[in-house]
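One structure is given below, encoded as structure tokens.
Chains as they are written, first to last, in this note's numbering: chain G, 2 to 64; chain A, 1000 to 1192.
Laid out in structure tokens, this is it:
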């Protein structure tokens, strides 16, 4: 059963919070192969995380 | 004994960090002052500015967590977050067609040179505006996860939220922030100034 974009974005977010199960990873991978929007979404989430880390580490490390 | 000029130079970053998470200028000011006082009165030996900053930041982080914890005990956080979620969910649903695939007009785009943005002061201004644009309690859960770097299970536990609710809240927050950045910063051809 293929997943839709809504399910995919939800799983992409959960993937930032918990290890996905093998079945979830496979379904997500198959979806991303054929979906440019969700591939971009995935990159955007990764970017947001690195921006947050940079902002919070700016408060920790001397520049 | 710590150098007062050094302590003073740390203040702006700490204040910005506390203000983003607490959304209360007086509360943020108090938390930062407490953290700095603890550093000044400590007889801990620091090896350089970076070590002081790490140490003070650690204290501030604990203070912020305490304040959030206290606040979550006296309010029904879950109900507040549910109420905030309605508008976010509506905006999220509007991105998709009836078959739950992207509308062509709202499909996530390629963000050009995101690494360059991280070096751009203007980007950080937009980023903070977008964070502040997220509803308060939803943002707090998100920042506990992404700024204070708690494990998701710890965030849920501290705030007495169920795991599935936590995932929903974080998903909403990420999407809200993402939409704001997409429209406010990465939208092609809309930065004439």
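Backbone N, C-alpha and C fix where the C-beta goes; we use that ideal spot for every residue, glycine too.
In its own chain, leaving out the 5 sequence neighbours on each side, no residue places its CB closer than 6 Å to the CB of residue 1016 of chain A. Between residue 1111 of chain A and residue 1137 of chain A, the CB-CB gap reaches or exceeds 9 Å.
Taking 7 Å as the cut-off between beta carbons, the residues of the stretch 1031-1062 of chain A near chain G are 1048, 1049, 1052, 1053, 1056, in sequence order. Remark: C-beta atoms of residue 1183 of chain A and residue 1109 of chain A do not approach each other more closely than 9 Å. Counting C-beta pairs closer than 8 Å gives fewer than three between the stretch 4-20 of chain G and the stretch 1077-1087 of chain A, which falls short of the contact rule. Among the residues of chain G, none has a CB under 8 Å from the CB of residue 1089 of chain A; the nearest is roughly 14 Å distant. Residue environment analysis places residue 1003 of chain A among the exposed positions, since fewer than 16 neighbouring C-beta atoms fall within 10 angstroms of its C-beta.
Pairwise C-beta distances place the stretch 1034-1047 of chain A out of contact with the stretch 1117-1136 of chain A, as fewer than three of them are shorter than 8 Å. Taking 8 Å as the upper bound on Cβ-Cβ separation, chain G lies near residues 1151, 1165, 1166, 1169, 1170, 1173, 1174 of the stretch 1151-1174 of chain A.
Identification of chain A residues near residue 50 of chain G by a Cβ-Cβ cut-off of 8 Å yields 1145, ordered along the chain. The stretch 1008-1026 of chain A makes contact with the stretch 1053-1064 of chain A; the number of CB pairs closer than 8 Å reaches 3 or more. Shown here, residue 1056 of chain A sits in a helix according to DSSP, grouped into three states. Residue range 1135-1145 is occupied by the alpha helix (DSSP H) that includes residue 1136 of chain A.
Listed along the chain, the chain G residues whose CB falls inside 7 Å of the CB of residue 1108 of chain A are 41. Around residue 1134 of chain A, the same chain offers 1083 as residues with beta carbons nearer than 6 Å, after the five sequence neighbours per side are excluded.
For the stretch 1110-1136 of chain A, the residues whose beta carbon sits under 7 Å from a beta carbon of chain G are, in order, 1110, 1113, 1117, 1126. Comparing alpha-carbon positions, the option among A:1066, A:1035, A:1018, A:1064 lying closest to residue 1051 of chain A turns out to be A:1035. Per DSSP, residue 16 of chain G is not a residue of any alpha helix (DSSP H), being assigned neither H nor E. When secondary structure is reduced to three states using DSSP, residue 1184 of chain A falls in the helix class.
Interface with chain A (9 Å Cβ-Cβ cutoff): residue 31 of chain G is excluded.
At a cut-off of 9 Å between C-beta atoms, residue 1066 of chain A does not count as an interface residue with respect to chain G.
Under a criterion of Cβ atoms nearer than 8 Å, the residues of chain A adjacent to residue 57 of chain G are, in order, 1016, 1145, 1146, 1147, 1148. Contact annotation: residue 1185 of chain A and residue 1113 of chain A have beta-carbon atoms nearer than 9 Å. In this structure, the CA atom of residue 1150 of chain A is about 11 Å from the CA atom of residue 1165 of chain A.
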